[in-house]
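K.L.:
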Amino acid sequence: MVSRMARKLRVVIVVGVAGVGKSTVLSHAKSILGGEGYAVEILNYGDFMLKYVVEKGICKSRDEIRSLPLSEQRSVQSLVAREMRNYIDSLMLKYPEKDVVVFVDTHALIKTATGFWPGLPEYVIKELRPDTIVVVEADPQSIVQRQSKDLSRYRKDYSDVELVKEVMNFIRMFSVASATLVGASVSIVRNEEGRAHEAGRSLAELVKGL
Amino acid sequence: MVSRMARKLRVVIVVGVAGVGKSTVLSHAKSILGGEGYAVEILNYGDFMLKYVVEKGICKSRDEIRSLPLSEQRSVQSLVAREMRNYIDSLMLKYPEKDVVVFVDTHALIKTATGFWPGLPEYVIKELRPDTIVVVEADPQSIVQRQSKDLSRYRKDYSDVELVKEVMNFIRMFSVASATLVGASVSIVRNEEGRAHEAGRSLAELVKGL
Amino acid sequence: MVSRMARKLRVVIVVGVAGVGKSTVLSHAKSILGGEGYAVEILNYGDFMLKYVVEKGICKSRDEIRSLPLSEQRSVQSLVAREMRNYIDSLMLKYPEKDVVVFVDTHALIKTATGFWPGLPEYVIKELRPDTIVVVEADPQSIVQRQSKDLSRYRKDYSDVELVKEVMNFIRMFSVASATLVGASVSIVRNEEGRAHEAGRSLAELVKGL
Numbered sequence: 420m421v422s423r424m425a426r427k428l429r430v431v432i433v434v435g436v437a438g439v440g441k442s443t444v445l446s447h448a449k450s451i452l453g454g455e456g457y458a459v460e461i462l463n464y465g466d467f468m469l470k471y472v473v474e475k476g477i478c479k480s481r482d483e484i485r486s487l488p489l490s491e492q493r494s495v496q497s498l499v500a501r502e503m504r505n506y507i508d509s510l511m512l513k514y515p516e517k518d519v520v521v522f523v524d525t526h527a528l529i530k531t532a533t534g535f536w537p538g539l540p541e542y543v544i545k546e547l548r549p550d551t552i553v554v555v556e557a558d559p560q561s562i563v564q565r566q567s568k569d570l571s572r573y574r575k576d577y578s579d580v581e582l583v584k585e586v587m588n589f590i591r592m593f594s595v596a597s598a599t600l601v602g603a604s605v606s607i608v609r610n611e612e613g614r615a616h617e618a619g620r621s622l623a624e625l626v627k628g629l
Numbered sequence: 420m421v422s423r424m425a426r427k428l429r430v431v432i433v434v435g436v437a438g439v440g441k442s443t444v445l446s447h448a449k450s451i452l453g454g455e456g457y458a459v460e461i462l463n464y465g466d467f468m469l470k471y472v473v474e475k476g477i478c479k480s481r482d483e484i485r486s487l488p489l490s491e492q493r494s495v496q497s498l499v500a501r502e503m504r505n506y507i508d509s510l511m512l513k514y515p516e517k518d519v520v521v522f523v524d525t526h527a528l529i530k531t532a533t534g535f536w537p538g539l540p541e542y543v544i545k546e547l548r549p550d551t552i553v554v555v556e557a558d559p560q561s562i563v564q565r566q567s568k569d570l571s572r573y574r575k576d577y578s579d580v581e582l583v584k585e586v587m588n589f590i591r592m593f594s595v596a597s598a599t600l601v602g603a604s605v606s607i608v609r610n611e612e613g614r615a616h617e618a619g620r621s622l623a624e625l626v627k628g629l
Numbered sequence: 420m421v422s423r424m425a426r427k428l429r430v431v432i433v434v435g436v437a438g439v440g441k442s443t444v445l446s447h448a449k450s451i452l453g454g455e456g457y458a459v460e461i462l463n464y465g466d467f468m469l470k471y472v473v474e475k476g477i478c479k480s481r482d483e484i485r486s487l488p489l490s491e492q493r494s495v496q497s498l499v500a501r502e503m504r505n506y507i508d509s510l511m512l513k514y515p516e517k518d519v520v521v522f523v524d525t526h527a528l529i530k531t532a533t534g535f536w537p538g539l540p541e542y543v544i545k546e547l548r549p550d551t552i553v554v555v556e557a558d559p560q561s562i563v564q565r566q567s568k569d570l571s572r573y574r575k576d577y578s579d580v581e582l583v584k585e586v587m588n589f590i591r592m593f594s595v596a597s598a599t600l601v602g603a604s605v606s607i608v609r610n611e612e613g614r615a616h617e618a619g620r621s622l623a624e625l626v627k628g629l
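Chains as they are written, first to last, in our numbering: chain A, 420 to 629; chain B, 420 to 629; chain C, 420 to 629.
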């Protein structure tokens, strides 16, 4: 029953608090896996969603998406997730000779003035059907420092160690709740200060084990 | 596609450990929002359930509900949640000129000798379809003090700071698990000792942002 | 509507970190409940799965199951859970005069190099439909000591107090996520060093209260 020779498609959702260095870790993992013969794509969920809604004439900007009634936002999210999974499945044809790894760069939660919104609610995670949800973590103190260096990008209320710890804990909880709905694993990848390459290596190893 | 002028119905589930001061915070939030032109109702899930089962001739008291086999309790809970959502939807007709805010006063978990029972299991949360689950929190020490002042209301085994912390953490976990099923946010509202009015104000602001 | 005289079937999932003493606690609970007239069976999920896949000719060993593609592993898990529930339901016929208690000895998560895999994902927990998920816990320090005494059984990377605490916390999160899907309770049973009989007694009392 097992066709060991079949090529594999691995779908890896990657989440983490703002300032944890997710993008850097992802780009290291991509170049490591690429160098070992894998076809690797990194899909940014937010960018993918924006492109989709603009193309379909639903909205013209991220702000316009956010101003939609919640029920319509949910429909859009679900449609985008389905579209993304279709795109992911098409990659096996795009790279006919290789194992394919897709990293979905997204959020386990979106922190707003109206609370922590699940980035992977049931109607999204069941469309994406990932193999694993990787939570990139780092020392909360160093996250606060990275956030305070880049005030244009992060809200100032984030710059507090206790708050970062709390958000990190909620990210774990949301990841577990989503993973349970699809039987995906939850993995922690530590991104220590100045060691993003090692974190990328850990992520690459983890993916190869899937 | 966006009809910005449409009136909004906001469904806000409010949970919190016994002794956290949920009722006081809710009544402040209601009077603040009422003063700003919103139609606000607070629905107590337990009271609503009791009224329903008595009217339908299913049970005569809360104790009788608890003595039902678990599978029947689940059916009742699911029916009650659907009935409550129907009632909530009818409020847009009852208040034809206003934005409507419904607070559902309930529990993320019910602590018993047989464990923590989810107050918002899938078959309840998917009927209620809230926009947000608000967790009212306070300093565990002050919660223990409030509980010990009112021994008639709380079980004595609750009067321990470590236990309150543990229950508070489980409330967060259960809230996240339920929110993930419907794409609701999870919000923390802090009710500091003697500052219930401020907590009510925070809750009102949060609701207006939805 | 309530048939108080009906015999009860109680389905109790029992989880806990490796080295927590789950088997000992279970065997105490079984003998206590057996002595009080209950028909008690302990089903090991892993053993049950292996037996099933061997009988059906799907696989010959645990390693072979693990080498199946993830989607096939999920199908097997779901089938095994349904089969187990059918078996559980048949026990009311096997023991026609008694209340039946079934303990399912399994894991809330399986720790591997590719992350924490949910032991009770949606497609398993909805087949098993337990009344409660019991998490057996102990002092993390004593768990590490028990693990290090039995290196053949546990991975060496487990032998660290901080890691055990982290895994224990994830076990709680996964248990809550699964319980929310079926309206089961989550119970903590403490197994203090040298007091497994007391833990078994607590578990037995808890089960009787269901």
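Built from N, CA and C at the ideal position, the CB exists for glycine as well. These figures come from a predicted structure and were not determined experimentally.
With respect to the alpha helix (DSSP H) encompassing Leu505/C, which residues constitute its N-terminal and C-terminal limits?
P.N.:
As written in the sequence, residue 505/C is Asn, which differs from the Leu given in the question. First-last of the alpha helix (DSSP H) with Asn505/C: 489-513.
K.L.:
With distance defined between alpha-carbon atoms, name the residue in Lys441/B, Arg426/B, Pro549/B, Val436/B nearest to Ser621/B.
P.N.:
Taking only the C-alpha atoms, the option nearest Ser621/B is Lys441/B.
K.L.:
In angstroms with no decimal places, state the Cα-to-Cα distance between Lys584/A and Val439/A.
P.N.:
Each residue's Cα considered, the two are about 12 Å apart.
K.L.:
Whole angstroms is fine: what's the gap from Arg609/A's alpha carbon to Ala557/A's?
P.N.:
For Arg609/A and Ala557/A, the distance between alpha carbons rounds to 6 Å.
K.L.:
By the three-class DSSP mapping on this structure, what secondary structure does Val439/A have?
P.N.:
Three-state result, Val439/A: coil.
K.L.:
Looking at Val430/B and Val553/B, is the spacing between their C-beta atoms short of 9 Å?
P.N.:
No, the pair does not count as a contact, with Cβ atoms beyond the cut-off.
K.L.:
Check whether the Cβ of Asp550/C lies closer than 9 Å to any Cβ atom in chain B.
P.N.:
Cβ-Cβ to chain B under 9 Å: yes for Asp550/C.
K.L.:
Helix, strand or coil for Gly613/A? Go by DSSP, reduced to three states.
P.N.:
Coil at Gly613/A, not helix or strand.
K.L.:
Using only the alpha-carbon positions, how far apart do Tyr506/B and Leu512/B sit?
P.N.:
Their Cα atoms are separated by approximately 10 Å.
K.L.:
Whole angstroms are fine: how far does the CA of Val473/C sit from the CA of Val495/C?
P.N.:
So the two alpha carbons sit approximately 12 Å from each other.
K.L.:
Go through its chain and collect everything with a Cβ distance to Met420/A's Cβ below 8 Å, but skip five positions before and after it.
P.N.:
With a pLDDT of only 38 at Met420/A, under 50, the local geometry of the prediction cannot be trusted, and no value is derived from it.
K.L.:
So the beta strand (DSSP E) Thr551/B belongs to, where does it begin and stop?
P.N.:
It spans 551-556 - the beta strand (DSSP E) in which Thr551/B sits, taken as one unbroken run.
K.L.:
Give the DSSP-derived three-state secondary structure of Val431/A in the structure shown.
P.N.:
Looking at Val431/A - three-state DSSP - the assignment turns out to be strand.
K.L.:
With distances taken Cα to Cα, identify the nearest neighbour of Glu502/B among Tyr542/B, Asp518/B, Lys427/B, Lys517/B.
P.N.:
That would be Tyr542/B, whose Cα lies nearest to the Cα of Glu502/B.
K.L.:
For Phe630/B, would you say it is in contact with chain C, using Cβ-to-Cβ distances shorter than 9 Å as the test?
P.N.:
Past the boundaries of the shown model lies residue 630/B; chain B is included only from 420 to 629, so the question cannot be answered.
K.L.:
Which of the residues in the segment 521-545 of chain C, read from start to end, lie with their CB under 9 Å from any CB of chain A?
P.N.:
Those residues of the segment 521-545 of chain C that come within reach of chain A (Cβ to Cβ, closer than 9 Å) are Leu528, Ile529, Thr531, Ala532, Thr533, Gly534, Phe535, Trp536, Pro537, Leu539, Pro540, Glu541, Tyr542, Val543, Ile544.
K.L.:
Decide if the segment 528-544 of chain B is in contact with the segment 589-597 of chain B; the criterion is three or more beta carbon pairs, one per stretch, under 8 Å apart.
P.N.:
Touching, yes, given that three or more Cβ pairs across the two stretches are closer than 8 Å.
K.L.:
Going by DSSP in three states, Thr599/A sits in which element: helix, strand or coil?
P.N.:
Looking at Thr599/A - three-state DSSP - the assignment turns out to be helix.
K.L.:
Measure from the C-beta of Ser597/A to each C-beta in chain B and report whether the shortest distance is under 9 Å.
P.N.:
Ser597/A counts as touching chain B.
K.L.:
To the nearest angstrom, how far is the alpha carbon of Val519/B from that of Tyr457/B?
P.N.:
Computed Cα separation, rounded: 6 Å.
K.L.:
If you draw a straight line from the alpha carbon of Pro549/A to that of Ile529/C, how long is it in whole angstroms?
P.N.:
Taking the straight line joining both Cα atoms gives about 17 Å.
K.L.:
Mind checking Ser486/A: buried by the 16 CB within 10 Å criterion, or exposed?
P.N.:
Classification for Ser486/A: exposed.
K.L.:
Between Met503/B and chain C, is there a C-beta pair that is closer than 9 Å?
P.N.:
No - not a single Cβ of chain C is within 9 Å of the one on Met503/B.
K.L.:
May I have the straight-line CA-CA distance separating Ser480/B from Leu625/A, to the nearest angstrom?
P.N.:
Near 54 Å, if we compare the C-alpha coordinates of Leu625/A and Ser480/B.
K.L.:
Step through the CB atoms of chain C and report whether any lies within less than 9 Å of the CB of Leu629/A.
P.N.:
True, the Cβ-Cβ gap to chain C drops below 9 Å.
K.L.:
Could you name the residues of the same chain whose beta carbon sits closer than 6 Å to that of Ser604/B, not counting the 5 residues immediately before and after it, in chain order?
P.N.:
So the qualifying residues of the chain are Thr551.
K.L.:
Checking contacts by CB at 9 Å: is Ile432/B closer than that to chain C?
P.N.:
Not one chain C Cβ lies under 9 Å of Ile432/B.
K.L.:
Please state the DSSP three-state secondary structure of Ser561/B.
P.N.:
Three-state result, Ser561/B: helix.
K.L.:
Less than 9 Å between the beta carbons of Ile590/C and Val434/C, yes or no?
P.N.:
Against a cut-off of 9 Å, the Cβ pair of Val434/C and Ile590/C comes out as a contact.
K.L.:
Between Glu460/C and Leu510/C, how many whole angstroms is the CB-CB distance? I'm expecting something under 8 Å.
P.N.:
About 6 Å; that satisfies the 8 Å criterion.
K.L.:
Mind checking Lys568/C: buried by the 16 CB within 10 Å criterion, or exposed?
P.N.:
Exposed: under 16 other Cβ atoms inside 10 Å.
K.L.:
Looking at the unbroken beta strand (DSSP E) that takes in Gly538/A, where does it start and where does it end?
P.N.:
Looking at the DSSP string, Gly538/A is not in any beta strand (DSSP E), and its letter there is neither H nor E.
K.L.:
Using a Cβ-Cβ distance under 9 Å, would Gln496/A count as near chain B?
P.N.:
With 9 Å as the cut-off, Gln496/A counts as an interface residue toward chain B.
K.L.:
Have a look at Gly628/B and Thr533/A and give me their C-alpha separation to the nearest angstrom.
P.N.:
Between Gly628/B and Thr533/A, the C-alpha separation is close to 6 Å.
K.L.:
For Ala527/B, which three-state DSSP category applies?
P.N.:
In the structure shown, Ala527/B sits in coil (DSSP, three-state: anything other than H, G, I, E or B).
K.L.:
Give me the Cβ distance between Phe467/B and Val436/B, rounded to the nearest whole Å; I'm assuming they're in contact under 8 Å.
P.N.:
No, Phe467/B and Val436/B are not in contact; Cβ-Cβ is about 21 Å, not under 8 Å.
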